[in-house]
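Asker:
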Amino acid sequence: ACISCHGEDGTGRNGTAPRLDIHSPAYIAASLHAFRDGTRRSGTMMAAARNLSDDEIDRLAAEFGRLTAVTPEGPDGGRDIAQRGLTARDIPACDSCHAAGRAEYPRLAGQWKTHLRTQLELFREHGPARGGPYADIMAEVARRLEDEDIESLVDWYGQ
Numbered sequence: 004a005c006i007s008c009h010g011e012d013g014t015g016r017n018g019t020a021p022r023l024d025i026h027s028p029a030y031i032a033a034s035l036h037a038f039r040d041g042t043r044r045s046g047t048m049m050a051a052a053r054n055l056s057d058d059e060i061d062r063l064a065a066e067f068g069r070l071t072a073v074t075p076e077g078p079d080g081g082r083d084i085a086q087r088g089l090t091a092r093d094i095p096a097c098d099s100c101h102a103a104g105r106a107e108y109p110r111l112a113g114q115w116k117t118h119l120r121t122q123l124e125l126f127r128e129h130g131p132a133r134g135g136p137y138a139d140i141m142a143e144v145a146r147r148l149e150d151e152d153i154e155s156l157v158d159w160y161g162q
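With our numbering applied, the sequence shown covers 4 to 162.
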C-alpha cells in the first residue's frame with residue numbers, strides 16, 4: 004500500500020506524498036510507530052500504520068529509508084537560515100538537526116516543496132500536538148518563523 008502514494012522507490016508522487024528515500028530507516032520507523040500509536044496525527048498515515056507489527060515497520064523502514072543524498076540549490080536566503088539560523092529570533096540553523104548524519108531527524112534537502120511548507124504550517128498551527136518525537140522543538144521554531152522565512156526555506160531545500 005505504501006507505493007500507491009510514495010512510489011516504488013520512495014520518491015513520492017509529484018509532491019502529493021512526501022519522499023521517503025531521503026530519510027534514514029530510523030526516522031521512518033519512528034514515524035510509523037508514532038502514526039500507529041496515535042502520537043503523530045495524520046488520517047491517512049494513522050490508518051495505513053494502524054495494523055503494522057514492529058517487524059513490518061522495521062522491514063518497510065529498511066526498504067524505503069535509503070538516505071538518498073540531495074544537495075539544496077535554492078536562493079541564498081534559505082541557505083542562510085538553514086546553515087546559520089536567525090539568532091535575533093532565537094531560531095537555530097535547520098541543518099543543526101536536519102543535516103545528513105542525524106538519523107533521528109527528517110532530512111529536508113530534496114523533499115517536495117508542498118510537503119515542507121505544509122509541515123511547517125502544521126507545527127505553527129498545532130504546536131507540539133502536531134505530534135512526533137521532536138514536535139515540541141519544531142513547534143517552537145516554526146512559531147518564530149515569518150511567512151517569508153518559510154518560503155525561503157522551502158525554496159532552499161525543496162524540489
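Using N, Cα and C, we set each Cβ at its ideal position, and we do this for glycine too.
To the nearest angstrom, how far is the alpha carbon of Glu59 from that of Ala91?
Answerer: Residue 59 sits at position 56 when you count from the first residue of the sequence shown. Residue 91 sits at position 88 when you count from the first residue of the sequence shown. Roughly 45 Å between the two C-alpha positions.
Asker: Looking only at C-alpha atoms, which of Cys5, Gly81, Tyr30 sits nearest to Arg69?
Answerer: Indexing the sequence shown from 1 puts residue 69 at position 66. Nearest of Cys5, Gly81, Tyr30 to Arg69, Cα basis: Tyr30.
Asker: On the DSSP bridge assignment, give the partners of Ile94 in chain order.
Answerer: Along the sequence shown, read from residue 1 onward, the residue named residue 94 stands at position 91. Looking at the DSSP assignment, Ile94 forms a beta bridge with Leu89.
Asker: Quick one, are the C-beta atoms of His9 and Leu23 less than 8 Å apart?
Answerer: Position 6 of the sequence shown, counted from the start, is the residue given in the question as residue 9. Position 20 of the sequence shown, counted from the start, is the residue given in the question as residue 23. Yes, the Cβ-Cβ distance between His9 and Leu23 is below 8 Å.
Asker: Please name the residue or residues paired with Arg147 in a DSSP beta bridge.
Answerer: As a position in the sequence shown, residue 147 is number 144, starting the count at 1. Bridge partners of Arg147: none, in fact.
Asker: Compare the beta carbon distance of Ala32 and Asp12 with 8 Å and say whether it is the shorter of the two.
Answerer: Residue numbering aside, residue 32 sits at position 29 when the sequence shown is read from its first letter. Residue numbering aside, residue 12 sits at position 9 when the sequence shown is read from its first letter. Cβ atoms of Ala32 and Asp12: not closer than 8 Å.
Asker: Can you give me the start and stop residues for the alpha helix (DSSP H) that Gln122 sits inside?
Answerer: Along the sequence shown, read from residue 1 onward, the residue named residue 122 stands at position 119. That run of the alpha helix (DSSP H) goes 116-129.
Asker: State the DSSP-derived secondary structure class of Arg43, mapped to helix, strand or coil.
Answerer: In the sequence shown, residue 43 corresponds to position 40, counting from 1. Strand, per DSSP.
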